[in-house]
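Chemist:
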Amino acid sequence: MIVGFLIVFLASSCSAFVGVNYGTDGDNLPTPQQVVDFLQRQQISHVRIFDTDAGLLQAFAGSNIQVLVGIPNEEILSVGKSNASAVDWVKKNVMTYLPGTNITGIVVGSQVLTDYSIAAASLVSTMRYIHAALVAANLDDQVKVSTPHGTAVIQNWFPPSAAVFNQSYAETVMRPMLDFLADSSSYFMLNFYPLAIYAQNQQTMSIDFALFRPNSGQIDSSTNLLYTNLFETVIDGVYSAMAALNFTGMPLVVSETGWPSRGDPAEVAVSLDNAATYASNFVRHILNNTGTPRRPGLAMNAYMYELFNEDMRQGATSEKNYGLFYPDQTPVYTVDLTGASLASGNGTRVPSWCIAKEGMSTSSLQAALDYACGQGRADCSQLQPGQQCYFPDTVLDHASYAFNKYYQKAMMAPESCDFAGVATVTFTDPSHGQCRFPTIVPQQNTTSPNVTRSFGQSFKIPPSTGLLFLSVALFWS
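Numbering (mature numbering (1 follows the signal peptide of the UniProt record, and there is no 0)), first residue to last: -16 to -1, 1 to 461.
1. From which residue to which residue does the beta strand (DSSP E) around L32 run?
2. Leaving aside the five residues before and after F375 along the sequence, list all residues of the same chain whose C-beta is less than 7 Å from its C-beta, in chain order.
3. Whose C-beta lies closer than 6 Å to the C-beta of P14 among residues of the same chain, with five residues either side of it excluded?
4. Within this structure, are the beta carbons of P143 and N175 separated by less than 8 Å?
5. Under a three-way DSSP split, which group does F176 fall into?
6. When the Cα atoms are used, what is the spatial distance from V20 to P178?
7. Kindly list the residues whose CB is nearer than 7 Å to the CB of Y223, restricted to its own chain and excluding five residues on each side of it in sequence; keep chain order.
8. Take the Cβ of M304 as the centre, count every other Cβ of all protein chains shown within 10 Å, and call the residue buried at 16 or more, exposed below.
9. Which residue's Cα is closest to the Cα of A91: F411, L271 and K128?
10. Should E290 be labelled buried (16 or more other beta-carbon atoms within 10 Å of its own) or exposed?
11. Measuring straight from C-alpha to C-alpha, what distance separates residue 462 and F403?
12. Taking all protein chains shown into account, do 16 or more other C-beta atoms lie within 10 angstroms of the C-beta of V2, making it buried, or fewer, making it exposed?
13. Per DSSP, what kind of secondary structure is E240 in: helix, strand or coil?
14. Where does C364 fall in DSSP's three states?
15. Could you check what DSSP says for K65 in three-state terms: helix, strand or coil?
16. Suppose contacts are defined by Cβ-Cβ distances below 8 Å. Is G84 in contact with G46 by that definition?
17. I need the straight-line Cα distance from F56 to P311, nearest angstrom please.
18. Rounded to whole angstroms, what is the Cα-Cα separation between S(-2) and N285?
19. Between the region 388 to 404 and the region 346 to 357, are three or more C-beta pairs nearer than 8 Å?
20. Starting from the C-beta of T301, find all residues in its chain whose C-beta is less than 7 Å away, skip the five residues before and the five after it, and write them out in chain order.
21. In this structure, what does DSSP give as the bridge partners for F309?
22. Express the C-alpha separation of D9 and R297 in angstroms, rounding to a whole number.
23. Compute the distance between the beta-carbons of L61 and S106, then report whether it is under 8 Å.
24. Are the Cβ atoms of residue 474 and V51 separated by less than 8 Å?
25. Roughly how many angstroms separate the alpha carbons of G331 and D192, rounded to a whole number?
26. Return the chain-ordered list of same chain residues with a C-beta closer than 6 Å to the C-beta of L82, the five sequence neighbours on each side being excluded.
27. Tell whether a beta-carbon distance below 8 Å holds between N199 and T207.
28. Where does C419 sit, in a helix, a strand or coil, going by DSSP?
29. Is V119 buried or exposed, if buried means 16 or more other CB atoms sit within 10 Å of its CB?
30. Give the range of the beta strand (DSSP E) segment to which N5 is assigned.
31. Name the two residues that bound the continuous alpha helix (DSSP H) containing Q392.
32. Quick check: the Cα distance between E59 and A121, rounded to an integer number of angstroms?
33. Between Y317 and A259, how many whole angstroms is the CB-CB distance? I'm expecting something under 8 Å.
34. Taking a contact to mean a Cβ-Cβ separation below 8 Å, would you say Q418 touches Q372 in this structure?
35. Given this structure, state the Cα-to-Cα distance separating D257 from S190, to the nearest angstrom.
36. If you measure from the beta carbon of T36 to each beta carbon in chain B, is any gap under 8 Å?
Here you go:
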């Protein structure tokens, strides 16, 4: 395990990856070649840059790092003036560097509808022109075209089932854009900044909800789905907004997300601890293919914002401190992105399981069991009559199996094995007979230490009634 900020990248088509945004608004950043070497040492294989700087693209040549390039907002009108101008842009900024530089996507602008409305009417036509140029060059399968949106394109965040796109451009821009994305087998891109939403709703939203920490959550009364974090709430809102325009099943990529590690005194909830907590929990959520209550288990790719702190960025202090690393390539904070905090002395991950504690009341175990197999979305199918883990048919045994399925799904995060104090971690395989307790860590032919470890009362089982509801829409204006 690399010390610092290590991202696990899964290349499988059914597994998600986490990449990084690489900006250059700093006067003390490493050279492009040093950055590429650093990315390779960190095993980061997906990067988004914000333009088509020749020095950057040349540095990526031969690295096999997958690169998204960008058309800045102020260039959209000129690039999208005609099919010919788009062809010229693709030849100069994409074809020049292929195949040495592994360009896999073109990002047209950023938050155009909300931040650069002068180009809104030309956005979709520009995307179509760029795609047509790629088709003509037989590159449309390799290089996809999309554009990132801010969360302000959505109205009525809560409940997520009621979310719709802003009506001022839902039909005129969003519908033809979704048509284009579907026709070109591309993806919807969303910039998600939870701190901005939390700062505007802190009277009705807990910081735990924004940071993926345990909380009682919010229920969408139309679907009866429980939402325990802001990210899933927003993403399901986007799915609902697309469904309202009759688009379902379109992939979604989180094009930017992060939390600043330092800010001005007046900036709420900006701290190193919150930044590390959000990054760790978000990446675990993505790499575990958690999905959302509306679409559980769905893989979703993401790009963390951003690689380095950038001292020349405009705005508040927080704008300069979203980096995962300092410009000298040391980590801003240490995050266990594998999701497993338990390791042997040499840094190797050790198999562990989550089981029910002996001596707990049947009612407490049953409540935790119901949560794990219900709202917790653990796969408890093996506990059904006739399946391999149905016997022994006791609440204790069934709870142990369910707790472990939840724990492994959460990438063995310590806080996921508590269940209001009725669960504990063990390093001894609890499998019995034909009932196998899975672990995400491959096991060796050695005996695990006979040690158990319980964690604090961090996990709260949501009450069955009286859950909090947001009193205002989660809308980032």
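Cβ coordinates follow ideal geometry from the N, Cα and C atoms, glycine included.
Quick caveat: nothing in here was measured; it's all calculated off a predicted structure.
Modeler: Let me spell this out:
1. The sequence as given places Arg at residue 32; Leu does not occur at that position. Its beta strand (DSSP E) spans residues H30 to R32.
2. none
3. none
4. no
5. strand
6. 29 Å
7. R278 and R279
8. Checking the sequence shown, residue 304 turns out to be Lys, not Met. Its Cβ being crowded by 16 or more others within 10 Å, K304 is buried.
9. Inspection of the sequence shows that residue 91 is occupied by Val rather than by Ala. Of the listed residues, the one whose Cα sits closest to V91 is K128.
10. buried
11. This structure gives no information on residue 462, because the portion of the chain shown stretches from -16 to 461.
12. buried
13. strand
14. coil
15. coil
16. yes
17. The amino acid occupying residue 56 in the given sequence is Pro; Phe does not appear at that position. Roughly 24 Å between the two C-alpha positions.
18. 9 Å
19. yes
20. R246, G247 and D248
21. F292 and P315
22. 6 Å
23. yes
24. Missing from the structure shown is residue 474; the chain here goes from -16 to 461 and no further.
25. Unreliable placement is indicated for G331, whose pLDDT of 38 sits below 50; the coordinate value is still reported in the next sentence. Their Cα atoms are separated by approximately 29 Å.
26. none
27. no
28. strand
29. exposed
30. V2 to N5
31. V379 to K393
32. 22 Å
33. 6 Å
34. yes
35. 16 Å
36. In the structure shown, chain B does not exist; there is a single protein chain.
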